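Reviewing the structure listed below.
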Amino acid sequence: MEEAASASSAGVASGDASENNAARGFQVRLDNFTGPFDLLLGLISKRRLDVTEIALAEVTDEFIAYTTELKDQANLAEISQFLLVAATLLDLKTARLLPHEDGEEVLDLELLEARDLLFARLLQYKAYKSVSGYLAEAMAAGSIRAPRDVALEPEFQDVLPPLKLNIGPGELAGIFATVLQRDHTPPSVAVDHIHLPLVSVSEQRGHILSLLRAGDVDFQDLLETAENTLVVVARFLALLELFKVGLCDFDQPEPLGRLLIHRTEMNEDGVDLRTEGDWSGDEEGEHS
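All the letters of the sequence shown, read from the start, carry residue numbers 460 to 747 under the numbering used here.
Below you can see the structure in the form of structure tokens.
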């Protein structure tokens, strides 16, 4: 009986020790440092403890013993974090201890890069740990709350106005049929203004010559009677061609006054245009 009691008390003590270890977290016991693993990382990051003075093998052995004591209570996230930080410390310590190929020590720049990488990972480790703690507190606070599953109180139910339909099923069906009979074709948008038809310069030459047969033509009136901008451009080009071959001339009686276009009777070669016929330009393919 006494042996059973002592064994039982030993088991209880072992269980209590495991729970205490889980509550306190991983503790490091070295010749030059004793305390929590987070404190060790903090000292290394603050450059108060040289990584070359840390026996990583002893730290690893203690962590394995720590997880073995916890057994089923071991936290997988804590184990993963320890492996990440231990690997980083090992890389930094290797870079500090191993000599260069030519027998010299590693360059200071490489040491600084390795140290900065370690500090960045330590900060990331601390950030994730802080966030996980916040989430754990939020989940613990939310676990004691339950959604409302009772009916709404009468005083709040009376706030909503009652729903009343002033039409019957037949009237509702008639309204629905009227909606279905509507023309749901989307409206068409005219695109004629986007692609305007080409304007023939030859046709505008003939038009100007027909106007000149009746008398002088005001340049402003000639442009204002054009249907669109393309016709204006075509008529201007036609005037230039008629002036070039001597079929028309311009006259402006006063400065900044009206510009008159009149028909010429003789060209530069002395040919009487009245006997030679009107040149209306029969060339094909001239468009504006």
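Note that CB positions come from ideal geometry on N, CA and C, so glycine has one too. Just so you know, these numbers come straight off a predicted model, no measurement behind them.
For Asn687, count neighbouring C-beta atoms within 10 Å of its own C-beta (all shown protein chains included) and say buried if the count is 16 or more, exposed if not.
exposed
If you count every other CB in all the chains shown that lies within 10 Å of the CB of Glu614, and 16 or more means buried, which is it?
exposed
Does Ser589 pass the burial test, meaning 16 or more other C-beta atoms within 10 Å, or should it be called exposed?
exposed
One question on the structure: do Val704 and Val658 come within less than 9 Å of each other, judged by their Cβ atoms?
no
Every unbroken alpha helix (DSSP H) within the region 566 to 648, with a cutoff of 4 residues, ordered by chain:
567 to 602, 613 to 616 and 628 to 640, all fully within the region 566 to 648.
What do you reckon, are the CB atoms on Leu701 and Ile667 nearer than 9 Å?
yes
Sheet register partners of Ala692 (DSSP bridge):
According to the sequence as given, residue 692 is Val; it is not Ala. DSSP output for Val692 lists no bridge partner at all.
Could you name the residues that DSSP lists as bridge partners for Leu719?
Asp677 and Asp710
Taking Leu719 and Asp677 to be in contact with their CB atoms under 8 Å, please state how far apart those CB atoms are, rounded to whole angstroms.
Rounded, the Cβ-Cβ distance is 6 Å, consistent with contact.
Count the other CB atoms within 10 Å of the CB of Ala610; is the residue buried (16 or more) or exposed (fewer)?
exposed
Status (buried if at least 16 other CB within 10 Å, exposed otherwise) for Arg694
buried
Alpha carbon to alpha carbon, what distance is there between Val650 and Asp708?
40 Å
Just to confirm, is the Cβ distance from Gln663 to Leu696 under 9 Å?
yes
Cβ-Cβ separation, Arg641 to Gln424 (assumed contact under 8 Å), whole Å
Residue 424 falls outside the range modelled here, since the chain spans only 460 to 747, and no answer is possible.
Determine the DSSP secondary structure at Gly665, reduced to helix, strand or coil.
In this structure, Gly665 counts as helix in the three-state DSSP scheme.
Where Gly740 sits in the DSSP three-state scheme
Unreliable positioning characterises Gly740 in this predicted model, as indicated by a pLDDT of 46, which lies under 50. A coordinate reading is not provided.
With DSSP as the reference, label Glu700 as helix, strand or coil.
helix
Residues near Gln616 in its chain [Cβ-Cβ closer than 8 Å; skip 5 each side]:
none
Expressed to the nearest angstrom, what Euclidean distance is found between the alpha-carbon atoms of Pro606 and Glu612?
16 Å
Would you mind sorting Val454 into buried or exposed? The rule is 16 or more other CB atoms within 10 Å of its CB.
The structure shown has nothing for residue 454, since the chain only spans 460 to 747.
Spatial neighbours of Asp741 in its chain, beta-carbon cut-off 8 Å, leaving aside the 5 residues before and after
Note that Asp741 scores 47 on pLDDT, short of 50, meaning its location in the model is unreliable; the coordinates nonetheless yield the value given after this. Excluding residues within five positions, the ones whose Cβ falls inside 8 Å are Ser661.
Is the CB-CB distance between Leu681 and Leu699 below 9 Å?
No, the Cβ-Cβ distance between Leu681 and Leu699 is not below 9 Å.
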